[in-house]
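Just below is one structure, and these are the notes that go with it.
Number of protein chains: 2
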Amino acid sequence: MKTPRFTPLVVDLPATVPFVGPEAHMRANGRPFKARIGANESGFGPSPRAIEAICKTAPDAWMYGDSECFDLRNALAAHHGVTPAHIIIGEGIDGLLGLLVRMIVAPGDPVVTSDGAYPTFNYHVAGFGGVLHKVPYRDDHEDPGALLACAEDVGAKLLYFCNPDNPMGTWHSARIVERMVRAVPEGTFMVLDEAYIDAAPPGTAPQIDPDNPRVIRMRTFSKLYGLAGMRVGYAIAAPQVIAMFDRVRNHFGMGRVAQAAALAALQDQAWLRQVQQDVAEARKTLGRIAADNGLYMLPSATSFVALDTGRDGTFARRLVNALMARDVFVRMPFVAPQDRCIRVSTAPDAVLNVFADALPNALAEIEKSSHAR
Amino acid sequence: MKTPRFTPLVVDLPATVPFVGPEAHMRANGRPFKARIGANESGFGPSPRAIEAICKTAPDAWMYGDSECFDLRNALAAHHGVTPAHIIIGEGIDGLLGLLVRMIVAPGDPVVTSDGAYPTFNYHVAGFGGVLHKVPYRDDHEDPGALLACAEDVGAKLLYFCNPDNPMGTWHSARIVERMVRAVPEGTFMVLDEAYIDAAPPGTAPQIDPDNPRVIRMRTFSKLYGLAGMRVGYAIAAPQVIAMFDRVRNHFGMGRVAQAAALAALQDQAWLRQVQQDVAEARKTLGRIAADNGLYMLPSATSFVALDTGRDGTFARRLVNALMARDVFVRMPFVAPQDRCIRVSTAPDAVLNVFADALPNALAEIEKSSHAR
Numbered sequence: 001m002k003t004p005r006f007t008p009l010v011v012d013l014p015a016t017v018p019f020v021g022p023e024a025h026m027r028a029n030g031r032p033f034k035a036r037i038g039a040n041e042s043g044f045g046p047s048p049r050a051i052e053a054i055c056k057t058a059p060d061a062w063m064y065g066d067s068e069c070f071d072l073r074n075a076l077a078a079h080h081g082v083t084p085a086h087i088i089i090g091e092g093i094d095g096l097l098g099l100l101v102r103m104i105v106a107p108g109d110p111v112v113t114s115d116g117a118y119p120t121f122n123y124h125v126a127g128f129g130g131v132l133h134k135v136p137y138r139d140d141h142e143d144p145g146a147l148l149a150c151a152e153d154v155g156a157k158l159l160y161f162c163n164p165d166n167p168m169g170t171w172h173s174a175r176i177v178e179r180m181v182r183a184v185p186e187g188t189f190m191v192l193d194e195a196y197i198d199a200a201p202p203g204t205a206p207q208i209d210p211d212n213p214r215v216i217r218m219r220t221f222s223k224l225y226g227l228a229g230m231r232v233g234y235a236i237a238a239p240q241v242i243a244m245f246d247r248v249r250n251h252f253g254m255g256r257v258a259q260a261a262a263l264a265a266l267q268d269q270a271w272l273r274q275v276q277q278d279v280a281e282a283r284k285t286l287g288r289i290a291a292d293n294g295l296y297m298l299p300s301a302t303s304f305v306a307l308d309t310g311r312d313g314t315f316a317r318r319l320v321n322a323l324m325a326r327d328v329f330v331r332m333p334f335v336a337p338q339d340r341c342i343r344v345s346t347a348p349d350a351v352l353n354v355f356a357d358a359l360p361n362a363l364a365e366i367e368k369s370s371h372a373r
Numbered sequence: 001m002k003t004p005r006f007t008p009l010v011v012d013l014p015a016t017v018p019f020v021g022p023e024a025h026m027r028a029n030g031r032p033f034k035a036r037i038g039a040n041e042s043g044f045g046p047s048p049r050a051i052e053a054i055c056k057t058a059p060d061a062w063m064y065g066d067s068e069c070f071d072l073r074n075a076l077a078a079h080h081g082v083t084p085a086h087i088i089i090g091e092g093i094d095g096l097l098g099l100l101v102r103m104i105v106a107p108g109d110p111v112v113t114s115d116g117a118y119p120t121f122n123y124h125v126a127g128f129g130g131v132l133h134k135v136p137y138r139d140d141h142e143d144p145g146a147l148l149a150c151a152e153d154v155g156a157k158l159l160y161f162c163n164p165d166n167p168m169g170t171w172h173s174a175r176i177v178e179r180m181v182r183a184v185p186e187g188t189f190m191v192l193d194e195a196y197i198d199a200a201p202p203g204t205a206p207q208i209d210p211d212n213p214r215v216i217r218m219r220t221f222s223k224l225y226g227l228a229g230m231r232v233g234y235a236i237a238a239p240q241v242i243a244m245f246d247r248v249r250n251h252f253g254m255g256r257v258a259q260a261a262a263l264a265a266l267q268d269q270a271w272l273r274q275v276q277q278d279v280a281e282a283r284k285t286l287g288r289i290a291a292d293n294g295l296y297m298l299p300s301a302t303s304f305v306a307l308d309t310g311r312d313g314t315f316a317r318r319l320v321n322a323l324m325a326r327d328v329f330v331r332m333p334f335v336a337p338q339d340r341c342i343r344v345s346t347a348p349d350a351v352l353n354v355f356a357d358a359l360p361n362a363l364a365e366i367e368k369s370s371h372a373r
């Protein structure tokens, strides 16, 4: 008998990870990146008030964080016009997705997502033995009608929908999402991942009855709030859904300093608005850089952009690698035909200038090596 | 069909939480505690270098933490004389216990622990449908022989052993633990929870071959390192065991600031030694306070002490409540006969003085109300 006796489920899981982090790439490169614009972190940084809150709380780091996240949950409830019972806080959307999948997906249970959507969701579904059914993108957008039809067809317990979309940056209007929520099949629970909603134009965030038991919306402090390194996400759903998280979550998992940072960030909406403007400006700058290099930038409602190379995944992969070799960290979609694009995060001008300098050289190198073949 | 369709396992879980946190108690009390000595946090605080690291890293909080925790893992490997492949870092021991249970325990699988040992472990076992077999304490110590016999008897997949013990503070010598590790039945994997090992006398930490595939030892920065609020724990085990965590963990779950804080704390061993002395002194002080009030302090190898009331669980519960009413936060063991004790964390003198002032009044109040019946 071999020890430990891992569960058959875990033994059968692949030894892959959803993402290689920028630090791992840098270690492989042997030097730091000059432009870290691949993980959709906010180079505009967190609110100075969040930084101050971190420093101010540091001497109290000997105390566990409030296991009920009372202050942050109440502030979020007021911010969203719901009650604290509608809100669960967790270790980023990643952590909350893991808990949600655990709560709903048993081995063999059907789950629906888009082919090429967030891999960490797929990682959790596989991790609990769920069976993924993937719906193709349609014109680089997630396809609400096809997702609903598939969910109905396979009897999905869970349906994942990201709006605005990662990795393409495209989006659907509030009206379409609202229609989708109304049309979710009986027995299907919809995950609306709104990680990038703060970067979207007005009219993107749907009105959802917070007591609707068929949908959960997920938000994060990791993107426009600039606190990826503190790991704070949250979700809004009906109280009977939120209450179930208490049966499985790591109750003291939310650190004291992280909670203080998120609360301070939430209270500085002026900073968020400034970052929203910065992101919008940076998208324009990236559009110009793309056009200067013969690439096409897809319209984006997120803090990143997809740049269409007009070629295929092999070309885009070589471009990503050529940029990495020039100390520019970017990523790309995983699935064709979206993988003809590279994905670039918005950032301050100084960082985008590094990208602008590296891009023509990277492209020239690829063209040259292509011709040499 | 009711939506969401939670798994049968989750539906059947109780809606209880392992611990009510101090903040929740304070909100119930309507005012802050004057002595927070119930959660075994370190009132001596974290190393000033850890505080400095937190502040210094705060402006970088927009970046995800290294998903491989490279620097911290390497430093811990050097500290323990193992390789980084022997180490997994997670969101406290609580988080690591959850992952480990998930990796090994499927519904119906037998697990062995001591009756009255760490409830959060039990919470995770229940959460994944494991069947707990509980072995009584023996003279307020966990009972290695009985634990091993039970594991053999039920064919346990997992065996939990905490040394030094929480909640009693008692301990076994390295020699006994080493013998236990050798005697773990085939097919049983042993979890050695060493959260409090930094407070134990020399000769308590066993020598364990880091490549032994039958045991994992867990450590934390939450106790003597004084960083409970940053949520950093780690485990040491054979590389093939450690590698399995990568299949299920939240890869970007360890925050950037938390990693920096833990690394700085590890590098300040002088601070740890000072805290070890402070803890030893505080245990003596608590012993005097106990004796002054007719209570008996059990010998302790941890950063807390169990004070024997000489009565029963009902009496101890009333004492805990009477102390809480006097703004002194303490806890108590859950299971008889250990629940005749209250559990008090070590802390600086100023805090222990608050306890010393409150204790006689609390005891007098209980005696008075007893006589009045």
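So the sequences go chain by chain: A and B. Sequential numbering of the first sequence, starting at 1, is according to UniProt numbering. Sequential numbering of the second sequence, starting at 1, is according to UniProt numbering. From the three backbone atoms N, C-alpha and C, an ideal C-beta is built for every residue, glycine too.
Could you compute how far the alpha carbon of residue i sits from the alpha carbon of residue j?
i: S370/A; j: Q269/A; result: 49 Å
i: Q276/A; j: D193/A; result: 19 Å
i: N29/B; j: A39/B; result: 17 Å
i: V10/B; j: D246/A; result: 10 Å
i: I289/B; j: L359/B; result: 8 Å
i: F19/B; j: R36/B; result: 15 Å
i: E23/A; j: P46/A; result: 20 Å
i: L323/B; j: M332/B; result: 12 Å
i: V111/B; j: Y137/A; result: 45 Å
i: D12/B; j: D115/B; result: 22 Å
i: P210/B; j: A261/A; result: 38 Å
i: Y160/A; j: P48/B; result: 44 Å
i: V135/B; j: D165/B; result: 14 Å
Let me check understanding here. Comparing Cα to Cα, which of the options lies closest to residue i?
i: L99/B; options: F6/B, G253/B and A50/B; result: G253/B
i: G127/A; options: P48/A, A15/A, N361/A and G90/A; result: A15/A
i: I236/B; options: C55/B, W171/B and G81/B; result: G81/B
i: T57/A; options: R283/A, T314/A, L363/A and A258/A; result: A258/A
i: T220/B; options: T7/B, M26/B, E41/B and R27/B; result: E41/B
i: residue 376/A; options: R5/A, S173/A, Y234/A and A264/A; result: The displayed coordinates of chain A run from 1 to 373. Any statement about residue 376/A would go beyond what the structure contains.
i: R231/B; options: G310/B, A362/B, G90/B and A195/B; result: G90/B
i: C162/A; options: P119/A, V154/A, D109/A and G129/A; result: P119/A
i: G226/A; options: W271/A, L323/A, W62/A and T188/A; result: W271/A
i: P348/B; options: I342/B, R214/B and A356/B; result: A356/B
i: I88/A; options: L158/A, F304/A and V248/A; result: V248/A
i: S67/A; options: P202/A, N250/A, L286/A and R102/A; result: N250/A
i: P144/B; options: K157/B, V191/B and I176/B; result: I176/B
i: T3/A; options: F304/B, R214/B, G229/B and A291/B; result: R214/B
i: E367/A; options: T309/A, V335/A and V330/A; result: T309/A
i: A325/B; options: P32/B, F6/B and V335/B; result: P32/B
By the 10 Å Cβ neighbour count, where 16 or more other Cβ atoms means buried, how is residue i classified, buried or exposed?
i: D198/A; result: buried
i: Y296/B; result: exposed
i: E186/B; result: exposed
i: M1/A; result: exposed
i: G294/B; result: exposed
i: R182/A; result: exposed
i: T302/A; result: buried
i: T204/A; result: buried
i: T314/A; result: exposed
i: H79/A; result: exposed
Helix, strand or coil, according to DSSP, for residue i in the structure here?
i: Y123/B; result: helix
i: T16/A; result: coil
i: C341/A; result: strand
i: S369/A; result: helix
i: V101/A; result: helix
i: L227/A; result: coil
i: D357/B; result: helix
i: R172/A; result: Note that residue 172/A is His in the sequence shown here, rather than Arg. Coil at H172/A, not helix or strand.
i: F161/A; result: strand
Does the distance between the C-beta of residue i and the nearest non-hydrogen atom of the ligand PLP fall short of 7 Å?
i: V112/B; result: Among the components of this structure there are no ligands whatsoever, and the ligand PLP is therefore not found.
**Prompt:** Mind pulling the alpha helix (DSSP H) runs of 4 or more residues that sit fully within the segment 233-289 of chain B?
**Reply:** If we require 4 residues or more, the alpha helix (DSSP H) runs fully inside the segment 233-289 of chain B come out as 239-245 and 256-267.
**Message:** I'd like the ranges of any alpha helix (DSSP H) spanning at least 4 consecutive residues and lying wholly in the segment 285-333 of chain B.
**Reply:** The qualifying runs are 313-325.
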